[in-house]
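Trainee: Everything in the sequence shown is counted per my numbering, starting at 144 for the first residue and increasing by one. For glycine and all other residues, C-beta sits at the position ideal for the given N, C-alpha and C. Below: one structure in structure tokens.
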Amino acid sequence: MKIFEEINNYKKEYVFDIYTRIIEDFKDYEKITKKQMIKKIYEVYQNPKDLIDICTFRELKFLKLYLEKDKEYLNDKYEWEREILSQKLLIDLQYTPHNEIEIYEEAYESIKNAIEIVNWQEVKRKTELNETLVSFCKIQGAFLEEPIIEIFSKLLQKDSDTIRDHIDNNRVFKFYVCKDQEYIESIDRYMDILIFNDYYYIKDALADQRAKQGVGQFPKLEKEDYKSLFYNPFNLNNKKIKKFYDALNKLPFFTTSAYKPIQEYAQLNLDRKSLKEAIETVPALKDIDLTDFFKLMDEAMDEMNSGALNGITPNELKEFNKTKKEAEINKSQRFIKQVNARLNPKDVKLFYKLYFALLDYTNKKYKVHPEYDIKKYQGIDHNKTYQICQKLWESINTIIDDFCKENPYRFNKVERNLIKEFKSGIRNRFILFKYEKEYTPLMTDEKTYMIKGLTDNIDNIIPYENLPVMIETSIIPFKGYLIYDGLFGTMPINFGPNFTTMASNQYDKQIKYYHM
């Protein structure tokens, strides 16, 4: 059977959805036909390496069984593999009592070649990474890319470049998750955001509900929970959810049609009254007493992770609220008003003179924003300045060496030596969870840096009530102190009381660095 002979069996909207998940530079819906979309998809499939990369370990094992004519592939336990390969337009799925399938002729040779060259260990490694990363995006609906990379590089004990490369290049990941940009007001710039494809249509509603309901807590899930979420509509490792799922599938109607609205209500943590009313209107259920079923549904949905709650469940929210009051009391007891936690005005003026000259030099040398003049610390464009700052810290040693050698602003020897000390500075994301009287502690996993503010104490810039926060900034040695560069931005991440306790314990144990 040929895919192009079956083209009329597929709706254009369906093909377009698959096309946008597989083809990076895809055309608009109105500017491409079904045949053209399938042709583009099959151009990818003709390369066995790309075909391997679009499939999980389980899908490739299933295709191997099929090619070997091992009738085990007819077993019901391969329902997920059959369904997803059908979605990817690789097989024709015939809904018969024997679950017969047929690989489309145009893909057969490429699949055969792929199975011959596949590195099973490598595919298994990538699949395990997807089981976690994709499921986290499924839980959150939409989430900033950089925090995901940071979270899972620590959680999975992999370097951040490995996670970033997988997100950018792995075809299975991109089949489920797309990348977009979102303006972040707190740092006045756009950032990459990862959106679970099935929830793209509710991303605006999700943002609204997250703003109303979002709390600072991390989902309490094990590796097997993420795995279950990847292969199932819900986390079937949870006993209450599994009990509800089994009851749902015993109802006398096409229950898979109920998965999506249930997932949507859970994702947005909406009142379930209208969902129950919609289920009651299903003709096949009109004579069935659904009282016990709805009780099971409520118990299950209270255990489902919600993007509106930043990934936790309604039950975890109840627990969170119980501990929140106690955490606020402890937080007030730790309050310290900063006094003399900044540089003197004369040194601040000198620092800005040197640092903004260095940024201006970087901008001109590397043409980051050639039309932009950054020499004066007035009316700056934070987004452009951020990009110039990033460029400076990418090549800090080279740029400072060139700057001091050329000396374009005719700085004296003392000023140049101060700039040379900047080379031992760092740019990173830090946790700020408390203030000291004369210093502001900025924490990483390994170190705590005790810094001074510039024109003001930092507790007047970020109120104590807003802590803890994650900030992105540069820490720079200057005249015997560590300072920040005056350009930090707070990341839109909420932290819960458990995190504060953990940070407090970590802070007590870590050495405090007052110098680089």
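1. Quick check: is the beta carbon of Asn448 nearer than 8 Å to any beta carbon in chain C?
2. Which residues bound the beta strand (DSSP E) around Arg572?
3. For Arg353, does the count of other Cβ atoms within 10 angstroms reach 16, so buried, or fall short, so exposed?
4. From which residue to which residue does the beta strand (DSSP E) around Asp199 run?
5. Would you say Leu203 and Ile161 are within 8 Å of each other, going by their C-beta atoms?
6. State whether the stretch 379 to 388 contacts the stretch 483 to 491, with contact taken as three or more CB pairs (one from each stretch) at a distance under 8 Å.
7. Apart from the five residues just before and just after Val266, which ones in its own chain have a Cβ nearer than 7 Å to its Cβ?
8. Is the stretch 331 to 344 touching the stretch 214 to 230 in the sense that three or more CB pairs, one from each, lie closer than 8 Å?
9. Determine the DSSP secondary structure at Tyr578, reduced to helix, strand or coil.
10. How many angstroms separate the CA atom of Tyr374 from the CA atom of Leu206?
11. In the structure shown, what three-state DSSP assignment does Lys212 receive?
12. DSSP on Ile654, reduced to helix/strand/coil?
13. Beta strand (DSSP E) containing Thr305: first to last residue?
14. Rounded to whole angstroms, what is the Cα-Cα separation between His309 and Val261?
15. Among Gln360, Met634, Lys655, Lys145, which has the Cα closest to the Cα of Glu288?
16. From Ile150 to Asp235, what does the alpha carbon distance come to, in whole angstroms?
17. Spatial neighbours of Ile543 within its chain, please: C-beta separation below 8 Å, excluding the five flanking residues on both sides.
18. With a threshold of 16 other CB atoms inside 10 Å of the CB of Met126, please say whether the residue is buried or exposed.
19. Bridge partners of Thr456, per DSSP?
20. For Phe339, which residues does DSSP report across the bridge?
21. First and last residue of the beta strand (DSSP E) that includes Met144?
22. Less than 8 Å between the C-beta atoms of Lys178 and Phe147, yes or no?
23. For the alpha helix (DSSP H) containing Ala500, list its first residue and its last residue.
24. Hey, Leu391 and Ala401 are a contact pair by Cβ (cut 8 Å); roughly how many whole angstroms apart?
25. State the start and end residues of the unbroken alpha helix (DSSP H) segment that holds Glu442.
Mentor: Straight from the coordinates:
1. Checking the listed chains, one finds no chain C in this structure; it contains a single protein chain.
2. 569 to 575 is the span of the beta strand (DSSP E), which, as asked, contains Arg572.
3. It counts as buried.
4. Residue 199 is actually Thr in this sequence, not Asp. Boundaries for Thr199: no beta strand (DSSP E) harbours it, and the DSSP string shows neither H nor E there.
5. No.
6. The stretch 379 to 388, when compared against the stretch 483 to 491, does not touch it at the 8 Å Cβ threshold.
7. Excluding positions up to five away in sequence, the list reads Ile195, Phe200, Leu203.
8. No: fewer than three Cβ pairs fall under 8 Å.
9. In the three-state DSSP reduction, Tyr578 falls in the coil class, being neither helix nor strand.
10. Using only the alpha carbons, I get a separation of about 17 Å.
11. The three-state reading of DSSP puts Lys212 in coil, since its state is none of H, G, I, E or B.
12. Reduced to three states, the DSSP call for Ile654 is coil.
13. In this chain, Thr305 is not harboured by any beta strand (DSSP E); it is covered by the alpha helix (DSSP H) spanning 303 to 312.
14. One C-alpha to the other measures close to 18 Å.
15. For the residues Gln360, Met634, Lys655, Lys145, the minimum Cα distance to Glu288 belongs to Met634.
16. Each residue's Cα considered, the two are about 11 Å apart.
17. Contacts found: Leu501, Ile562, Lys563, Phe565, Lys566.
18. Residue 126 is absent from the structure shown; the chain starts at 144 and stops at 659.
19. Residue pairing of Thr456 in beta bridges, as defined by DSSP: absent, with no partner found.
20. Residue pairing by DSSP places Phe339 opposite Val320 in a beta bridge.
21. From DSSP, Met144 is part of no beta strand (DSSP E); its letter is neither H nor E.
22. For Lys178 and Phe147, yes; Cβs fall inside 8 Å.
23. DSSP places Ala500 inside the alpha helix (DSSP H), whose first and last residues are 488 to 509.
24. Indeed, because the Cβ distance is near 6 Å, the residues count as touching under 8 Å.
25. Here the alpha helix (DSSP H) through Glu442 covers 434 to 444.
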